[in-house]
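If you want the numbering used here, it's the 1-based position in the sequence shown plus 22.
Where is the CB? At the ideal position from N, CA and C, for every residue including glycine.
The structure displayed is predicted, hence computed values, not measured ones.
Here is the structure we will look at.
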Amino acid sequence: MTGVVCNICNIQFAELDIPIKCDSCTLSAHSKCTGLSATEVKRLSLKNRSLKYFCDSCDQGLKELPELKLLIKKLLVEVENLKNMNFNSDSGYTSSVHFSNEFIFNEINERNRCANNLLFYNIEECDSNRLDDRISFDLVQINNVIKTILVETSIIPKKVIRIGRSQAGKSRPIKVIFDSKSDVFDIIKNKRKLSQCNSSLSSINISTDRTLYQRETMKKLREELNQRTSKGEMDLTIKFVNGVPNIVKKSEVISTHSQPQQSQNFLK
């Protein structure tokens with residue numbers, strides 16, 4: 023085993039060491055580094071073994087696989103629903119891009135990147151010339167909002183970013199990056215509490231961070247909704263069905279307060 027190093031501790035294997043290979047990436051590790059028991063190591067050495075070993079990276083990837091499959095399925099449904107929609111040329115997408123594998127994978131990466139983010143609107147902006155002061159001010163404001171809707175919480179923003187160019191008399195939205203999707207879900211689930219506040223917090227709005235594709239889709243649906251309404255169709259709304267936005271009759275919408283729509287893949 024000269025020259026081969028352990029995938030976990032990066033130390034070379036001794037001559038008598040028996041490496042444990044990951045059944046996915048085939049990288050090797052010391053048995054003691056894997057945390058496997060002596061019985062498990064012995065079972066892995068059997069010719070017709072049923073036990074499999076996966077390194078931490080591959081094990082995490084396997085756990086995320088069902089979520090990834092669901093994401094791909096929902097995205098394909100969305101693309102299929104938009105087949106006959108004519109996007110403006112300045113949207114950056116063409117019909118051929120919509121159905122390419124490259125588009126699907128790029129969209130998945132973008133959604134994963136956005137999954138830990140939230141956008142906060144109507145929060146007062148600091149007028150200091152120092153960037154550190156402005157960031158500190160925004161962090162205090164965001165923490166205040168979070169603690170208002172989630173009294174007992176350990177959620178702490180990872181990063182805050184003001185979006186867009188500064189305009190006199192107008193506060194820019196704040197993109198807030200969190201450590202996990204569960205933090206985002208907890209905040210979105212409880213954001214309605216802000217409207218019940220008697221303070222200036224009642225004017226604050228919170229939404230999920232969307233990809234360009236999601237924003238264009240919602241824009242197109244709103245345009246279609248306005249057109250149909252202007253032609254006399256009534257009782258219409260945009261409803262998320264299995265994570266995909268569609269125009270439906272309001273009378274067909276079933277209350278789902280116990281499962282907020284924001285938890286769906288194609289977030290509002």
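Which residue wins for smallest C-alpha separation from residue i, given the options the options?
i: V167; options: F35, L97, I94, C219; result: C219
i: S176; options: P195, Q189, D208; result: D208
i: D149; options: R135, Q189, V173, I130; result: Q189
i: T239; options: S229, P267, S252; result: P267
i: T259; options: T251, I269, S252; result: I269
i: D78; options: T170, L66, S221, L58; result: L58
i: R232; options: K192, E146, L93, R133; result: R133
i: E129; options: V198, V26, I30, Q236; result: Q236
i: R194; options: N144, D39, K95, L66; result: N144
i: L73; options: C80, E62, D81; result: E62
i: L234; options: K242, G25, L90; result: K242
Helix, strand or coil: which one does DSSP assign to residue i?
i: P267; result: strand
i: T259; result: strand
i: L68; result: coil
i: N248; result: helix
i: L140; result: strand
i: T233; result: coil
i: N227; result: strand
i: I177; result: coil
i: V26; result: coil
i: A51; result: strand
i: I171; result: helix
i: I145; result: coil
i: I209; result: helix
i: K253; result: coil
i: I130; result: helix
i: K43; result: strand
i: N165; result: helix
i: F76; result: coil
Going by the DSSP bridge assignment, what does residue i pair with across the sheet?
i: V182; result: V198
i: K192; result: Q189
i: Q82; result: Q82 is not bridged to any residue.
i: Q218; result: Answer is none; Q218 lacks a bridge partner.
i: Q34; result: V27
Can you list, in chain order, the residues of its chain with a C-beta nearer than 8 Å to that of residue i? Leave out the 5 residues immediately preceding and following it.
i: S202; result: N138
i: F76; result: C44, D45, S46, L84
i: D257; result: K271, K272, S273
i: C28; result: Q34, F35, P41, S50, A51, H52, C55
i: I94; result: I126, I130
i: L172; result: D208, I209, N212
i: V206; result: A137, N138, N139, L140, F200, T230
Below 6 Å CB to CB, which residues in the same chain sit around residue i once its five sequence neighbours on both sides are set aside?
i: K215; result: I171
Check whether the stretch 158-174 and the stretch 253-265 touch, using three or more Cβ-Cβ pairs below 8 Å as the test.
no
Contact between the stretch 180-198 and the stretch 144-159: three or more CB pairs below 8 Å?
yes
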